[in-house]
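Structure first, then comments.
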């Protein structure tokens with residue numbers, strides 16, 4: 001197929017350019033999806049961890065973390081504590097910092113069990129190579145200690161309850177744990193995002209601009225052809241009033 005008119009050529013050229021850019025963008029995005037590295041998680045919850053043949057696990061060797069497993073009535077947690085207590089020197093650590101370092105140096109062979117708030121905060125710190133797996137094992141709240149009978153006790157209690165009810169505590173955690181974390185998407189992420197209209201808006205601008213140019217060319221072709229026909233048939237064509245002069 002061959003277009004003789006300039007306006008038709010403009011339309012054809014713009015359309016093929018538009019199609020080429022769209023196909024190229026789609027192909028590039030598809031290639032990124034196919035080549036992205038998928039993270040394979042060998043465990044999904046605490047049950048998988050407890051009976052995994054190769055992954056060891058431990059917790060802090062003091063305080064509530066140890067007491068939770070040591071005094072638990074759950075058969076699952078009792079089994080986990082039995083495994084940890086059999087090798088306390090290797091599996092139990094003195095503090096959360098030591099446990100996090102142990103996880104990062106174990107190459108996926110050690111899991112550290114500790115309180116979720118510190119866990120989620122640590123996952124947002126560089127080198128960004130740790131993650132939380134599964135749901136929380138238990139639910140407890142933090143408290144602010146005051147001297148017995150102190151006048152600040154009631155004010156602090158009501159203030160914390162008000163922040164909790166209005167959602168301010170969750171907002172602050174979202175801000176300081178995630179939005180200001182060192183592993184946020186602002187510094188780059190390996191996740192794949194779909195192309196949005198804003199990503200390809202320029203291509204549509206090219207298409208619309210090309211169509212407008214084609215319309216202008218078509219209008220000029222019509223005017224030129226009308227003038228040629230008028231001369232051929234010896235007819236004077238006016239744009240506002242039409243007059244015929246017989247020779």
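Numbering (UniProt numbering), first residue to last: 1 to 247. Each residue gets a CB set at the ideal place from its N, CA and C atoms; glycine is no exception.
In the DSSP assignment, residue 130 forms no beta bridge with any residue. DSSP lists 112 as the bridge partner or partners of residue 58.
For the pair residue 58 and residue 84, the CB atoms are nearer than the 7 Å cut-off. Between the alpha carbons of residue 93 and residue 73 lies a distance of about 23 Å. Taking the Cα of residue 124 as reference, the smallest distance to any Cα among 23, 82, 177, 52 is reached at 177. Look at residue 93 here: in three-state DSSP terms it is strand. For residue 125, the secondary structure class from DSSP, reduced to helix, strand or coil, is coil.
Note on geometry: alpha-carbon atoms of residue 170 and residue 117 lie some 12 Å from one another. Between the beta-carbon of residue 109 and that of residue 43 there is about 12 Å, and that puts the pair past the 8 Å contact cut.
Residue 105 and residue 111 have their C-alpha atoms roughly 11 Å apart. By the neighbour-count definition (other C-beta atoms within 10 Å, threshold 16), residue 77 is a buried residue.
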